[in-house]
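One rule links them: number in this note's numbering = place in the sequence shown (from 1) + 1.
Beta carbons: idealized from backbone N, C-alpha and C, even for Gly.
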Amino acid sequence: MRYATRALALLAVLAVPAVGGAQGGPIRIGLLAPLSGAFSATGKDMVVGTELYLDVRKVERVEGKLQNTVIAAFPGVGQFWKYSAEEYMKLPLYTRDAPPCKHC
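Below, the structure is given as structure tokens:
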């Protein structure tokens, strides 16, 4: 019992600086993705998708709550879009020679 009390007191003393030392700096997001080997194409797609998500959304505090705010929208592109055959054939092609990622 005495050992448990001392351990709990030590834990409380060590935890106080961690709570008080929190910084309001930028939030860093890490992404583990395979960029070489057999799954490199999948990893590059993960990086491009994450960058796209972070480029078109911004987290803001509204009335004390964090929420995503759209900062860019692309007209004509959505989850449930439909094209006519003529309109679809006029669209530019996506090739691996000119990927949209600035790091690829």
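Ignore the nearest five residues each way along the sequence and tell me which others in residue i's own chain have a CB closer than 8 Å to its CB.
i, result
"residue 46", "none"
If we ignore side chains and look at the alpha-carbon of each, how far apart do residue i and residue j end up?
i, j, result
"residue 86", "residue 43", "29 Å"
"residue 59", "residue 72", "7 Å"
"residue 55", "residue 61", "13 Å"
"residue 57", "residue 74", "7 Å"
"residue 35", "residue 41", "5 Å"
"residue 66", "residue 90", "44 Å"
"residue 31", "residue 63", "25 Å"
"residue 92", "residue 69", "30 Å"
"residue 6", "residue 25", "33 Å"
"residue 37", "residue 53", "21 Å"
Can you check which of these residues, the options, is closest to residue i by C-alpha distance?
i, options, result
"residue 49", "63, 28, 66, 33", "33"
"residue 29", "89, 51, 37, 65", "51"
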